[in-house]
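Undergrad: Just so we're aligned: 55 in this note's numbering is position 47 of the sequence shown, and the numbers increase by one with no gaps anywhere.
Ideal placement from N, C-alpha and C gives every residue a C-beta, glycine not left out.
If you're wondering where the values come from, they're calculated on a predicted model, not measured in any experiment.
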Amino acid sequence: MERKMHLIPYQFIAHVEEVTEVPKGVEMIQAPKVWEKTKGKGITIAILDTGCDLTHPDLKDRIIGGRNFTNDDKGNKDVYRDYNGHGTHVAGTMAATQNQRGVVGVAPEANLLIVKVLDKNGSGQYDWIINGIYYAIEQKVDIISMSLGGPEDVSELHEAIQKAVEHNILVVCAAGNEGDGQDATNEFDYPGSYNEVISVGAVNLDRRISDFSNSNNEVDLVAPGETILSTYLNGKFATLSGTSMATPHVSGALALIKFLANQSFERELTVPELYAQLIKRTVPLGHSPKLEGNGIVYLTAVDYLTEIFNTNVKAEVLNN
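1. Helix, strand or coil, according to DSSP, for residue 46 in the structure here?
2. Where does residue 174 sit, in a helix, a strand or coil, going by DSSP?
3. For the stretch 189-260, list the alpha helix (DSSP H) runs that are entirely contained and at least 4 residues long, ordered along the chain.
4. What are the start and end residues of the beta strand (DSSP E) that includes residue 121?
5. Residue 225 to residue 207, Cα distance in whole Å?
6. Which two residues bound the contiguous beta strand (DSSP E) that contains residue 94?
7. Where does the unbroken beta strand (DSSP E) through residue 57 begin, and where does it stop?
8. Starting from the Cα of residue 211, find the closest Cα among 11, 25 and 33 and give me that residue.
9. Exposed or buried, which one is residue 47 when buried takes at least 16 other CB atoms within 10 Å?
10. Are residue 8 and residue 180 closer than 7 angstroms when you measure CB to CB?
11. What would DSSP say about residue 269, mapped onto helix, strand or coil?
12. Quick check on the burial criterion: 16 or more other C-beta atoms within 10 angstroms. Buried or exposed for residue 286?
13. Quick one: give me the first and last residue of the beta strand (DSSP E) that residue 133 is part of.
14. In angstroms, rounded to a whole number, what distance separates the CA positions of residue 177 and residue 119?
15. Mind checking who residue 29 pairs with in its DSSP beta bridge?
16. Write down the C-beta distance between residue 23 and residue 130 rounded to the nearest angstrom, noting that I regard them as a contact closer than 8 angstroms.
17. What do you reckon, are the CB atoms on residue 155 and residue 223 nearer than 7 angstroms?
18. Are the Cβ atoms of residue 102 and residue 232 separated by less than 7 angstroms?
19. For residue 76, collect the residues of the same chain with a Cβ closer than 6 angstroms to its Cβ; drop the 5 residues on either side in sequence, then sort them by chain order.
20. Along the chain, where does the beta strand (DSSP E) that runs through residue 19 open and close?
21. If we count the other Cβ atoms within 10 Å of its Cβ and call it buried at 16 or more, is residue 172 buried or exposed?
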């Protein structure tokens with residue numbers, strides 16, 4: 009199977025030498041408000057991408073291992089270094105350590121398993137990606153995050169994703185960047201369009217749907233995906249745009265949600281139950297579901313609704 013899958017095209021905005029901040033996208037989805045309850049400790053996210061800058065100060069303590077399925081480094085399976093930058097960037101959005109320097113990820117204590125399935129050019133054979141999914145299943149990860157895609161619906165890829173879900177693994181994918189403005193124009197990318205995955209579209213930092221974000225009836229929700237600041241090669245930082253950048257916001261959010269929900273229910277929730285917990289934490293933006301799915305991820309939505317409800321109940325009691 010020599011067909012290729014690629015990084016979903018994204019826009020490189022700028023290199024940044026040094027920063028010390030919580031990125032705006034991480035703040036926008038309300039992640040810091042949840043950190044007093046959990047930072048994702050004990051939850052493992054497998055990143056199927058171009059590898060990672062393994063010595064980056066914001067990432068090195070989060071990485072628990074990985075494997076290379078590409079031809080880079082002569083196919084050495086133990087070298088999963090990133091020569092592209094994309095994999096390092098999504099890793100930082102998910103889980104960059106809170107260390108008073110650099111950036112902070114959505115789930116800054118989550119574990120990262122680096123599964124290199126795309127080479128230095130951002131291209132990969134379907135076999136590499138399929139094998140990467142099965143490797144993540146073997147490693148018993150909690151979440152698989154894929155900011156990659158292609159136009160072909162390949163049955164073996166679909167079967168691998170179904171197998172991951174059967175093993176109670178949440179699979180999060182970028183919806184794609186072939187969108188056409190604010191109209192629902194039905195662009196399908198795979199694996200993002202499979203019903204079993206959580207398909208993520210993009211909004212800008214003003215919560216407006218990104219012009220490039222794919223629209224179709226499989227989009228589940230949206231997250232910040234424009235001018236996203238995160239970790240990059242050689243210990244540096246960069247600002248990128250694309251549904252690739254929105255996806256790790258949701259993967260990181262699910263690490264927080266899984267910890268909180270399992271703790272609250274005092275058992276391991278299933279994938280459909282965790283999906284329901286995620287959707288409870290979205291806010292509609294007023295667009296067609298083909299553009300925004302259930303809305304933007306907003307981790308404190310449940311707390312906000314509870315507060316409003318309790319305030320209204322108290323007012324009714326006083327008025328009676």
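TA: Based on what the coordinates show:
1. If DSSP states are grouped into helix, strand and coil, residue 46 belongs with coil.
2. Three-state result, residue 174: helix.
3. None, since the stretch 189-260 contains no complete alpha helix (DSSP H) of that length.
4. Per DSSP, the unbroken beta strand (DSSP E) holding residue 121 starts and ends at 119-124.
5. Distance between residue 225 and residue 207, taken at the CA atoms: about 10 angstroms.
6. That residue, residue 94, is in no beta strand (DSSP E); its alpha helix (DSSP H) goes 94-103.
7. Per DSSP, residue 57 belongs to the beta strand (DSSP E) from 52-57.
8. Answer by Cα proximity: 33.
9. Residue 47 is buried by the Cβ-count criterion.
10. An answer regarding residue 8 cannot be provided, because it is not within the stretch 9 to 328 covered by the chain.
11. The answer is helix: DSSP assigns residue 269 an H, G or I state.
12. Result: buried.
13. Residues 131-133.
14. About 15 angstroms.
15. According to DSSP, residue 29 bridges with 111.
16. The distance from the Cβ of residue 23 to that of residue 130 is about 18 angstroms, inconsistent with a contact at the 8 angstroms cut-off.
17. Cβ atoms of residue 155 and residue 223: not closer than 7 angstroms.
18. Not closer than 7 angstroms, so no.
19. Cβ neighbours of residue 76 within its own chain (closer than 6 angstroms, five residues either side excluded): 85, 87, 88 and 124.
20. Element bounds for residue 19: 19-24.
21. Residue environment: residue 172 is assigned as buried (16 or more neighbouring CB atoms within 10 Å of its CB, all protein chains considered).
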